[in-house]
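Everything below concerns the one structure shown next.
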Amino acid sequence: RGVLREATILVKNDKVEAFGYDVVVPDDAEVVDVTGMRVYPGLIAVSSLGLFGGGGNLTDSVDPYNQSMTLALAAGVTTAVNGSSVAKLKRGHVEGLMVKSQAWNSWSFSNSNPTGQLKVREDLKKAAEYLRAYRQWEIDKRSNKELKEPSKKGVDQKSVDILTGKSRPKFSANDRTDLLEIARLAQEFGFRPIIEGCTEGWTIAAELGRAGATAIVTPRSRRAKSELQVADAGTSIENAAKLHAHGVSVVVVPASRGISLGGIVGQDLLHLPIEAGFAIRGGLSEQAALESITIQAARALDLGHRIGSIEVGKDADLIVTDGDLLHYQTFVQIGRAHV
Numbered sequence: 021r022g023v024l025r026e027a028t029i030l031v032k033n034d035k036v037e038a039f040g041y042d043v044v045v046p047d048d049a050e051v052v053d054v055t056g057m058r059v060y061p062g063l064i065a066v067s068s069l070g071l072f073g074g075g076g077n078l079t080d081s082v083d084p085y086n087q088s089m090t091l092a093l094a095a096g097v098t099t100a101v102n103g104s105s106v107a108k109l110k111r112g113h114v115e116g117l118m119v120k121s122q123a124w125n126s127w128s129f130s131n132s133n134p135t136g137q138l139k140v141r142e143d144l145k146k147a148a149e150y151l152r153a154y155r156q157w158e159i160d161k162r163s164n165k166e167l168k169e170p171s172k173k174g175v176d177q178k179s180v181d182i183l184t185g186k187s188r189p190k191f192s193a194n195d196r197t198d199l200l201e202i203a204r205l206a207q208e209f210g211f212r213p214i215i216e217g218c219t220e221g222w223t224i225a226a227e228l229g230r231a232g233a234t235a236i237v238t239p240r241s242r243r244a245k246s247e248l249q250v251a252d253a254g255t256s257i258e259n260a261a262k263l264h265a266h267g268v269s270v271v272v273v274p275a276s277r278g279i280s281l282g283g284i285v286g287q288d289l290l291h292l293p294i295e296a297g298f299a300i301r302g303g304l305s306e307q308a309a310l311e312s313i314t315i316q317a318a319r320a321l322d323l324g325h326r327i328g329s330i331e332v333g334k335d336a337d338l339i340v341t342d343g344d345l346l347h348y349q350t351f352v353q354i355g356r357a358h359v
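Read left to right, the sequence shown gives residues 21 to 359 (my numbering).
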C-alpha cells in the first residue's frame with residue numbers, strides 16, 4: 021500500500037499490532053530507532069539448499085547454528101522452503117521453526133513422458149467424476165438418508181486435493197510445448213498451477229495467465245533456442261515482465277538455491293534482490309520485483325495470510341536496510357523471523 025515515511029511499527033507477541041503515524045507505543049515497550057533506514061517484510065526463498073543443515077525430517081535435523089542460516093538471515097531471508105517444508109530461519113534455537121510441512125504437491129507432466137501425462141490426466145478425470153458424484157450425493161441424501169456415499173476406490177487423493185483447492189500442484193517445466201500443455205490442463209480441470217523454471221513462459225504468457233499460473237523464474241537464466249523450433253523459444257530477459265503483464269504471479273529465485281561465498285554476485289541466496297533486479301532490467305516494475313521475493317512468494321506457499329507483507333495480524337518478519345532493498349549496494353542491518 022505504498023511507502024510510509026517516518027512511521028512506527030508496533031509488534032506484540034511476534035505479530036504486527038499496528039503501524040502508521042498514530043500508533044500508541046506502551047511505556048514498557050522496547051524501542052528500536054531505525055530513523056533514516058528502511059523496513060521491509062522479510063524475504064522468502066521458495067527453494068533452498070543447506071540453510072537448515074542436516075537432512076530428512078526438518079524438525080529433527082535442523083542445525084540452529086548453521087553458518088548458511090546465519091548468512092541467509094544477514095541477507096534478509098526470513099522464510100525458506102527446505103524440500104517440501106516451509107520453515108522460518110532461527111538463529112540459536114528451533115522453537116517455531118516449522119511453518120508448513122508440505123508447501124505443494126510436485127507433479128510431472130511432460131511431452132517426453134506421454135505415459136506419465138496420460139496417468140495425470142486420468143487421475144484428474146477420475147477425481148473430477150468422484151467430486152461430481154459426491155456433490156450430487158450430498159444433495160440427494162437430504163431426501164434419502166440411507167443413500168450410500170460414492171466410493172473413492174481408484175481415486176487419487178492428491179488429485180482430489182488439487183481440484184478442491186486444498187493444495188496446488190507444482191510442475192518443473194521450461195519448454196514452450198510442456199508449458200502450453202500444463203496451461204491447458206489447468207484450464208480444463210480448473211486448478212492454478214505453480215511452474216518452476218518457466219524459461220519459455222514469455223512465449224505463451226497469455227495462456228499461462230488464463231490458467232492462473234504462478235511462475236518461479238530465474239531472470240538471469242540462459243537457454244539457447246532450439247534450431248528445430250520455428251516459433252519463439254529460448255530465454256528472454258523480458259520473461260518475468262511479460263508473464264506479469266498477462267496476469268501470471270511471478271516469484272523470483274536465483275540460479276543457486278544455497279549460500280556461496282565465491283562466484284558471481286547474485287547467483288545465490290545471499291543476493292536474492294539482485295536477481296529481482298535483473299527482472300527489472302527486463303521490464304518488470306520495481307513494485308512487482310519486490311513482491312516477487314515477498315508477498316507473491318508467500319502466496320505461492322499459501323501463506324499470504326501470515327508472511328510476505330507488513331499488515332496488522334501478520335507475523336512480524338521484518339528486515340531493516342540502509343537503503344533501497346533492490347540496490348546492489350544496500351545491506352540488511354536487522355533481520356529477524358518471528359513465530
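Glycine included, C-beta positions come from ideal geometry on N, C-alpha and C.
Classify residue i as buried or exposed, calling it buried when 16 or more other Cβ atoms lie within 10 Å of its own Cβ.
i: M57; result: exposed
i: P134; result: exposed
i: H264; result: buried
i: S81; result: exposed
i: R326; result: buried
i: I215; result: buried
i: V52; result: exposed
i: Y150; result: buried
i: N33; result: exposed
i: T55; result: exposed
i: D160; result: exposed
i: G217; result: buried
i: V45; result: exposed
i: A27; result: exposed
i: S256; result: buried
i: E227; result: buried
i: E166; result: exposed
i: L248; result: exposed
i: R162; result: exposed
i: V43; result: exposed
i: S138; result: One detail in the question is off: residue 138 reads as Leu in this sequence, not Ser. Its Cβ having fewer than 16 others within 10 Å, L138 is exposed.
Could you tell me which residues DSSP puts in a beta bridge with residue i?
i: D335; result: K35
i: Y60; result: I339
i: V352; result: T341
i: T28; result: G40
i: A65; result: A100
i: E216; result: S192 and I236
Cβ atoms of residue j and residue i: under 8 Å apart, would you say?
i: I339; j: Y60; result: yes
i: T223; j: A251; result: yes
i: I313; j: A296; result: yes
i: I279; j: G70; result: yes
i: G333; j: T98; result: no
i: L346; j: P293; result: yes
i: G40; j: L24; result: yes
i: N259; j: G302; result: yes
i: R277; j: S67; result: yes
i: K108; j: V101; result: no
i: I202; j: F191; result: yes
i: D176; j: K146; result: yes
i: A123; j: L321; result: yes
i: L183; j: A148; result: yes
i: E331; j: V36; result: yes
Leaving out the 5 sequence neighbours to the left and right, which residues in its chain are closer than 6 Å to residue i when beta-carbon positions are compared?
i: S130; result: D198
i: L144; result: S179 and F209
i: S269; result: T234 and Q316
i: A65; result: V97, A100 and L289
i: F351; result: D342
i: S88; result: G70, L71 and I279
i: N125; result: K178, S187 and P189
i: R319; result: none
i: G267; result: G229
Output needed for residue i: all residues of its chain with C-beta closer than 7 Å, excluding positions within five of it in sequence on either side, in chain order.
i: Q353; result: M57, V340, T341 and D342
i: A253; result: R196, E220, T223, K245 and S246
i: V140; result: W127 and F129
i: L323; result: V106, V119 and K120
i: E169; result: W157
i: L91; result: I279 and L290
With a threshold of 8 Å between beta-carbons, can residue i be considered close to chain D, or not?
i: P61; result: Of the chains in the structure shown, none is chain D; there is only one protein chain.
By Cβ distance, which residues of its chain are closer than 8 Å to residue i, with the 5 residues on each side in sequence left out?
i: V237; result: G217, C218, T219, G221, N259, A260, L263, V270, V271, V272, V273 and A299
i: G112; result: P84 and Y85
I'd like the ranges of any alpha helix (DSSP H) spanning at least 4 consecutive residues and lying wholly in the region 277 to 307.
292 to 301
Quick check on the DSSP output: what are the complete beta strand (DSSP E) runs of length 3 or more inside the region 234 to 280, in order along the chain?
If we require 3 residues or more, the beta strand (DSSP E) runs fully inside the region 234 to 280 come out as 234 to 237 and 269 to 272.
Could you name each continuous alpha helix (DSSP H) segment of 4 residues or more that falls completely within the region 68 to 143, going from the start of the chain to the end?
78 to 81 and 87 to 94, all fully within the region 68 to 143.
Alpha helix (DSSP H) runs contained entirely in the region 150 to 184, provided each spans 4 or more residues
177 to 183
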